[in-house]
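Single-structure report; data block below.
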Amino acid sequence: MLATTVTEAKDGKAWVPVINVTRSRTKLPPRSELGTWVPLDADMQVLAVNGELSRERLRQWLAELGGDEEPLVNEEEINFGTKCEGARSLIRKLLRAYRQVSNNQGDCPPATTLDVEHHIDTGIEAPVMLKRRRHAQMEDTVIDDNVKTMLQAGVIEEGNGAWGFPVVLVRKKDGEVRFCVDYRALNKITKKDVYPLPRIDETLEALGGAV
1224 MLATTVTEAK DGKAWVPVIN VTRSRTKLPP RSELGTWVPL DADMQVLAVN GELSRERLRQ
1284 WLAELGGDEE PLVNEEEINF GTKCEGARSL IRKLLRAYRQ VSNNQGDCPP ATTLDVEHHI
1344 DTGIEAPVML KRRRHAQMED TVIDDNVKTM LQAGVIEEGN GAWGFPVVLV RKKDGEVRFC
1404 VDYRALNKIT KKDVYPLPRI DETLEALGGA V
């Protein structure tokens, strides 16, 4: 088992701790892929925490980390799991230092830092701009709140393009509302990507005798 490690490469080599969780000796095969190497950004701050992580060392680490004292938006909703005010204070300071992780973003997934662009091939079809559907006043409030949350989370961005599709609110089983967009008109004119798929019988034959 490989531990998640921050390390530095020297002379083309890097030290990574490996843990044997079995009760017997084991040997790593040569040139086998054991993990994924991800380079850190040049401006990323990495603080070393060596030895036993005592409360005093944690205070020192948080002091080096910095961060502001402004309360989180949803701080009153946090369950600290302890009544010890000293521990609660440390947890509170840690969450404030990483507020971009702990902020409540509703159903929005965390924004990715990967520079990936997605292209939808519609051929020579003209852009589709559908009219906005009529909603009740309460539903308009839900839509506005969701759009504001997604803008703040970096999931969507403002635009004035020639394409537009209506918002649909779908009621969940628990009574909550799911924010959706009706892309059926776009799907009708989108050219499908075709990829070769293996034959099922060949796949089953290849698995013959596998344990």
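Numbering-wise (the numbering used here), the sequence shown opens with residue 1224 and increments by one. No residue lacks a Cβ here, since even glycine has one placed at the ideal position from N, Cα and C. Please read all numbers here as calculations on a predicted model, not as lab measurements.
Membership of Val1378 in any alpha helix (DSSP H) is not indicated, and neither H nor E is assigned to it by DSSP.
Residue state for Val1417 is assigned as coil, using DSSP reduced to three classes.
Rounded to the nearest angstrom, the gap between the Cα atoms of Leu1225 and Thr1259 is 10 Å. Across the structure, Ile1347 and Asn1410 are spaced so that their CA atoms are roughly 14 Å apart. Leu1392 is positioned such that its CB atom lies no closer than 8 Å to that of Glu1425. The C-alpha of Gly1384 is placed about 19 Å away from the C-alpha of Arg1356. For Met1373, the closest C-alpha among the options Thr1345, Ala1359, Tyr1418 and Cys1403 is that of Cys1403.
For Arg1315, the three-state secondary structure derived from DSSP is helix. For Trp1386, the CB contacts under 8 Å within the same chain, skipping 5 residues up- and downstream, are Pro1350, Val1351, Met1352 and Leu1409 in chain order.
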